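Student:
Numbering (the numbering used here), first residue to last: 37 to 231.
1) Which word fits residue 120, buried or exposed, when buried means at least 16 other C-beta atoms lie within 10 angstroms of its C-beta?
2) Under 7 Å Cβ to Cβ from residue 108, same chain only, skipping five residues before and after it: list those, please.
3) Can you name, in chain order, every residue of its own chain whose Cβ lies under 6 Å from the Cβ of residue 140, other than the five neighbours on each side?
4) Let's test the definition: count the other Cβ atoms within 10 Å of the Cβ of residue 41 and tell me whether it reaches 16, buried, or not, exposed.
5) Check each candidate in 219, 173, 189, 214 and name the one with the smallest Cα separation from residue 197.
6) Helix, strand or coil: how does DSSP classify residue 59 here?
7) Ignore the nearest five residues each way along the sequence and tell me which others in residue 130's own chain have a CB closer than 7 Å to its CB.
8) Over what stretch of residues does the alpha helix (DSSP H) that includes residue 129 continue unbroken?
9) For a quick check, are the C-beta atoms of residue 227 and residue 134 less than 8 Å apart?
10) Considering only residues of the same chain and omitting the five flanking positions on each side of residue 127, which have a CB-CB separation below 8 Å?
11) State the start and end residues of the unbroken alpha helix (DSSP H) segment that holds residue 175.
12) Tell me whether the beta-carbon of residue 177 lies closer than 8 Å to the beta-carbon of residue 199.
13) Please classify residue 207 as buried or exposed, where buried requires at least 16 other C-beta atoms within 10 Å of its C-beta.
14) Relative to the C-alpha of residue 60, which candidate in 85, 165, 97 has its C-alpha closest?
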């Protein structure tokens, strides 16, 4: 084999890819956390500090704020989808799993609402992300609701899609500047009404 024919993948390459994936996940987790507490307009420096990386690392992976927000959105959709089965397996009841999953979903909605403003000039991207949201999360919530119905913990007269929309509408109200409005409390009241 000549020098030009050397393999591009070495034994160390998969490790680097795994490290890169872990680093990107840590960065997206940190960005999601900052977005939940400070909104999608939070300074990139704050996200870099939370992730333990330099600002250059963020800009190397995500050249624009919209790129970062879209990546966080996809990351949170995946995290919510993956959390459903894990919560069902570990919670003491399906209704407890439902409440825990809805908390994760409500965190995600903070990023989702900011996404619309961040990519308003790219309706195709927004539409594709909304499709991903529906395709991944409705079946997960449906599985949790099915388990809760089988356990006699929730009523059967609403769908997973309807519950997602209701939680989304409640969370959208949190964007209003009204100290008297508590979206999390309202979501808890909604869940109590599902029993």
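Ideal Cβ positions, reconstructed from N, Cα and C, are used throughout, including at glycine.
Owing to the predicted nature of the structure, the values given are computational and were not obtained by experimental measurement.
Tutor: Taking the coordinates as given:
1) Under this definition residue 120 is a buried residue.
2) In the same chain as residue 108, and ignoring 5 residues on each side of it, the C-beta atoms closer than 7 Å to its own belong to 64, 67, 68, 71, 147, in chain order.
3) 116, 119, listed in sequence order.
4) For residue 41, the pLDDT reaches just 44, beneath the cut-off of 50, and the residue's location in the model is therefore unreliable, although a value from the coordinates is still provided. With fewer than 16 other Cβ atoms within 10 Å, it is exposed.
5) Closest in C-alpha terms to residue 197, from the list 219, 173, 189, 214, comes 173.
6) Three-state result, residue 59: helix.
7) Excluding sequence neighbours, residue 130 sits near 124, 180, 183, 184, 187, 189.
8) Taken as a continuous stretch (DSSP letters only), residue 129 belongs to no alpha helix (DSSP H), as it is neither H nor E.
9) Judged by beta-carbon spacing, residue 134 lies within the 8 Å limit of residue 227, meaning their Cβ atoms are closer than that value.
10) So the list reads 133, 136, once near-sequence residues are dropped.
11) From DSSP, the alpha helix (DSSP H) with residue 175 extends over 159 to 186.
12) Yes, they are a contact pair.
13) Flag for residue 207 reads buried.
14) Here the closest residue by C-alpha is 97.
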